[in-house]
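K.L.:
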Amino acid sequence: MALILVVDDSAAARKAITSILESANHRVISASSGQEALDIAPKMHPDLIIMDVLMESMNGFEATRSLSSIEETANIPVIIVSARASESDKKWGMRQGARDYIVKSPDERDLKRDLKKDLLMSIQKILEE
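Quick note: the sequence shown uses the numbering used here, first residue 1, plus one each step.
See below:
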């Protein structure tokens, strides 16, 4: 299956998303910051990137915009997964280069349950394009 880079500063969120992806037989690498994602993506060439928005130093919008502008990573699809649910955040994420924007539960106990269906459906759709 696909190699997917999960970018989130929350270890619990990375663990939940990794569990979802591995249960669908995807291989997962992770980064805890936008800058780390910019370091890893050109070297590892993931098939897809799952990006949180609210991270320190470089947020997910900035990281997505940077990844979209770098030749080696411009064609890697990014799915933003964030607790920020406003329509303006969704539109802004897509303008930065994201292919999809999925709202995650702010309650980490519900994160895995809430994300599983939406995230796997989005990944399948993007990888089939």
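Each residue gets a CB set at the ideal place from its N, CA and C atoms; glycine is no exception.
Where DSSP assigns a beta bridge to V78, which residues make up the other side?
P.N.:
Walking along the sequence shown from the start, residue 78 turns up at place 78. Looking at the DSSP assignment, V78 forms a beta bridge with I49.
K.L.:
If you drop the 5 nearest sequence neighbours on each side, which residues of the same chain put their C-beta closer than 8 angstroms to that of A4?
P.N.:
Sequence index remark: in the sequence shown, residue 4 carries index 4 (1-based). For clarity, residue 4 is Ile in the given sequence; the question names Ala instead. Within the same chain, I4 has close Cβ partners L21, H26, R27, V28, I29, P46, D47, L48, I49, I50 and I123.
K.L.:
Which class does D8 belong to by DSSP, given the choice of helix, strand or coil?
P.N.:
Numbered from 1 along the sequence shown, position 8 holds the residue referred to as residue 8. Coil at D8, not helix or strand.
K.L.:
Please classify S57: is it buried, with 16 or more other beta-carbons within 10 angstroms of its beta-carbon, or exposed?
P.N.:
As a first step, residue 57 must be located in the sequence shown, where it is residue number 57. It counts as exposed.
K.L.:
Rank K112, S86, R113 and N75 by C-alpha distance to the C-alpha of Y101 and give the top, closest one.
P.N.:
The residue labelled residue 101 in the question sits at position 101 within the sequence shown. Of the candidates K112, S86, R113 and N75, the one whose C-alpha sits nearest the C-alpha of Y101 is S86.
K.L.:
With a threshold of 16 other CB atoms inside 10 Å of the CB of S33, please say whether the residue is buried or exposed.
P.N.:
Residue numbering aside, residue 33 sits at position 33 when the sequence shown is read from its first letter. Buried.
K.L.:
Reducing DSSP to helix, strand and coil, say where S140 ends up.
P.N.:
Since the displayed the chain opens at 1 and closes at 129, residue 140 lies outside it and no answer follows.
K.L.:
For S82, count neighbouring Cβ atoms within 10 angstroms of its own Cβ and tell me buried if that reaches 16, exposed if not.
P.N.:
Looking up residue 82 in the sequence shown gives position 82. Label assigned to S82: buried.
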